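Protein chains: 4
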Amino acid sequence: MKVLIDLCVVPLGVGVSVSKYVAVCEKIISDAGLKSNLHANGTNIEGDWDDVFAAIKRCHEVIHEMDAPRIFTSLRVNTRIDKEQSLQDKIDSVKTKRGDS
Amino acid sequence: MKVLIDLCVVPLGVGVSVSKYVAVCEKIISDAGLKSNLHANGTNIEGDWDDVFAAIKRCHEVIHEMDAPRIFTSLRVNTRIDKEQSLQDKIDSVKTKRGDS
Amino acid sequence: MKVLIDLCVVPLGVGVSVSKYVAVCEKIISDAGLKSNLHANGTNIEGDWDDVFAAIKRCHEVIHEMDAPRIFTSLRVNTRIDKEQSLQDKIDSVKTKRGDS
Amino acid sequence: MKVLIDLCVVPLGVGVSVSKYVAVCEKIISDAGLKSNLHANGTNIEGDWDDVFAAIKRCHEVIHEMDAPRIFTSLRVNTRIDKEQSLQDKIDSVKTKRGDS
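The following block contains the structure:
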């Protein structure tokens, strides 16, 4: 089952800056061979359900190993069986509707 | 790795009522032997990471089999390594702070 | 416009324990005369759109005044115009479907 | 109070395609003079708290007027008082940490 995910990881107990941890997650996702796109409030990921969630679990494990005692993660999870849809398809679909061409 | 999850599953393309699908998820979670609590906007689940995410995957699979072409799920995922904490502990902690006793 | 909200406030830069801040939010919501229910991963709130969002803004203001330099809040926002629905109605609807009676 | 928001609006009871509604929200946000960026699972918005939430309320009102009986919105809300931070700053901060230059 293919899944499109929006991942936002917030480590707690490590001060206000979380970008160091997000950068590590980016690497884990990339090393897993998953397509992803960073945005200002998270990372969109595209792939097989098991692969994507294995990468997210790895993010939690590594961030705890780094030093974060607690992690709060917010996820949006999209699956559909009526058609194939990529992350780019979702953006293109909105752009077409608003008349970008 | 233990995880506390807040799961909110929204099937699309099946009309406005989603309670039938939430009820099915409740059964899947319960059958998996996981502790959970239904609330007005989701279901809190407590358990081992792999068991909890296997149940969530099963929810997506079954809801698609029922008839939903598309599913949007919103998750809050909490892990911590500084101490053991249950769903009830989290509620008790707030109640103590606000002086319920 | 009536709204049902699931609010989860996570202050950053104040250590791992956030229950003190959640307790303050509970009081702000209650003082605003809004119906709410605490659960393990957030607080469900029911009320008029403007009243509910004024209370959420007040939560951010007060938590910053307390000492938190940064706040990450996760919200689920439900509106519907086809029927009246309360927080309790949502729970009852699922319970009926799963056959609790 | 400045806020950075990640907005994901999901209308229910209108079939599986939601891009038409997202495009309308994009226009509402743009007409409100707010900076925003569309991504595959939402729209990041930057602005004053009251302006941003007024635009989100308007999105709900207009989508209901279009035909959607029910709307489920997922929001990530970021405020901070320790420093000024834009949507682009957040992305740049992660890119610097992962060594993009």
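If you read the sequences in order, they're chains B, C, P and E.
Residue 189 is where the first sequence starts when you use the numbering used here, and the numbers rise one by one after that.
Residue 189 is where the second sequence starts when you use the numbering used here, and the numbers rise one by one after that.
Residue 189 is where the third sequence starts when you use the numbering used here, and the numbers rise one by one after that.
Residue 189 is where the fourth sequence starts when you use the numbering used here, and the numbers rise one by one after that.
A virtual CB, placed ideally from N, CA and C, is assigned to each residue, including glycine.
Small disclaimer: the values here were computed from a predicted structure and weren't measured.
Review point. Quick one: any contact between the stretch 248 to 268 of chain C and the stretch 191 to 203 of chain C, if contact means 3 or more CB pairs under 8 Å?
Key: With a cut-off of 8 Å, the stretch 191 to 203 of chain C and the stretch 248 to 268 of chain C count as touching, because enough Cβ pairs lie within range.
**Study point:** Delimiting residues of the beta strand (DSSP E) encompassing E/Asp194
**Key:** From DSSP, the beta strand (DSSP E) with E/Asp194 extends over 190 to 200.
Check your understanding: Does the stretch 225 to 243 of chain C come close enough to the stretch 272 to 288 of chain P that 3 or more CB-CB pairs lie under 8 Å?
Key -> Flag = yes, the stretch 272 to 288 of chain P and the stretch 225 to 243 of chain C touch.
Check your understanding: When burial is assigned at 16 or more other CB atoms within 10 Å of the CB, is C/Asp194 buried or exposed?
Key -> C/Asp194 should be labelled buried.
Exercise for review: Just confirm the distance between the C-beta atoms of E/Asp270 and P/Arg258, as a whole number of angstroms; I'd bet it's less than 8 Å.
Suggested key: The beta-carbon separation of E/Asp270 and P/Arg258, rounded to 7 Å, stays under the 8 Å limit for a contact.
Exercise for review: State yes or no: is the C-beta of C/Ile217 within less than 7 Å of the C-beta of C/Ser224?
Suggested key: In terms of Cβ geometry, C/Ile217 and C/Ser224 form a close pair [threshold 7 Å].
Point to revise | Close beta carbons around E/Asp239, own chain, < 7 Å, minus the five adjacent residues each side | key: Counting only Cβ-Cβ distances below 7 Å, and skipping sequence neighbours, we find Ala220, Leu222.
Point to revise | Straight-line Cα distance separating E/Val191 from C/Met189 | key: C/Met189 and E/Val191 have their C-alpha atoms spaced approximately 34 Å apart.
Practice item. Find out if the Cβ-Cβ distance for the pair B/Val202, B/Ala256 is shorter than 7 Å. Key: Yes.
Review point. So, C/Thr284 versus B/His248, is the Cβ gap smaller than 7 Å?
Key: No, Cβ-Cβ distance for C/Thr284 and B/His248 is not below 7 Å.
Check your understanding: What first and last residue would you give for the alpha helix (DSSP H) that runs through E/Ile269?
Key -> Secondary structure note for E/Ile269: it is in no alpha helix (DSSP H), with a DSSP letter that is neither H nor E.
Point to revise | E/Asp236 in three-state terms, based on DSSP | key: In this structure, E/Asp236 counts as strand in the three-state DSSP scheme.
Review point. For E/His248 and chain B, any beta-carbon pair shorter than 7 Å?
Key: So no, E/His248 is outside the interface.
Check your understanding: Skipping 5 residues on each side, what residues in its chain have a beta carbon closer than 6 Å to that of C/Tyr209?
Key -> Apart from the 5 residues on each side of it in sequence, C/Tyr209 sits with its Cβ closer than 6 Å to the Cβ of Pro199, Ile251 in its chain, given in chain order.
Check your understanding: Around the C-beta of P/Glu272, are 16 or more other C-beta atoms found within 10 angstroms, so that it is buried, or is it exposed?
Key -> Its Cβ having fewer than 16 others within 10 Å, P/Glu272 is exposed.
Practice item. Less than 8 Å between the CB atoms is what I'm expecting for E/Ser274 and E/Glu234, so what's the real figure, rounded? Key: That pair is a contact at about 6 Å.
Check your understanding: What is the rounded straight-line gap between the Cα of C/Ala211 and the Cα of B/Asp236?
Key -> Cα-Cα distance, rounded: 26 Å.
Point to revise | Where P/Leu275 falls: helix, strand or coil (DSSP) | key: Residue state, collapsed to three classes: helix.
Check your understanding: Given E/Ile244, which residues of its chain have a CB within under 7 Å of its CB, disregarding the five upstream and five downstream residues?
Key -> The answer, listed in chain order, is Leu195.
Exercise for review: Closer than 6 Å by C-beta to P/Arg246: which residues in its own chain qualify, once you throw out the five before and the five after it? Chain order, please.
Suggested key: Excluding positions up to five away in sequence, the list reads Ile216.
**Study point:** Extent of the continuous beta strand (DSSP E) to which C/Ser218 belongs
**Key:** For C/Ser218, no beta strand (DSSP E) run applies; the uninterrupted alpha helix (DSSP H) run containing it begins and ends at 207 to 219, by DSSP.
**Study point:** Cutoff 7 Å: P/Ser262 Cβ touching any chain B Cβ
**Key:** Taking Cβ atoms only, chain B reaches closer than 7 Å to P/Ser262, which makes this a yes.
Review point. Roughly how many whole angstroms lie between the Cα atoms of B/Met254 and E/Ala242?
Key: B/Met254 and E/Ala242: Cα-Cα distance of roughly 40 Å.
Exercise for review: Give the range of the beta strand (DSSP E) segment to which B/Asn225 is assigned.
Suggested key: Where B/Asn225 is concerned, the enclosing beta strand (DSSP E) starts and stops at 223 to 227.
Review point. How about B/Lys208: is its C-beta nearer than 7 Å to some C-beta of chain E?
Key: Answer yes: the Cβ-Cβ gap between B/Lys208 and chain E drops below 7 Å somewhere.
Review point. Rounded to a whole number of angstroms, what is the C-alpha to C-alpha distance between C/Asp288 and E/Asn232?
Key: Taking the straight line from one Cα to the other gives about 38 Å.
Review point. Quick one: does C/Ile269 have its CB under 7 Å from some CB of chain B?
Key: Chain B contact via Cβ: present.
Review point. When the cut-off is 7 Å and only beta carbons count, does P/Asp255 lie next to chain C?
Key: Residue-level contact check: P/Asp255 does not touch chain C, since none of the beta carbons of chain C fall below 7 Å from its beta carbon.
Exercise for review: Could you name the residues of the stretch 212 to 227 of chain B whose beta carbon sits closer than 7 Å to any beta carbon of chain E, in the order they occur along the chain?
Suggested key: So the list reads Glu214, Lys215, Asn225, Leu226, His227, given in the order they occur along the chain.
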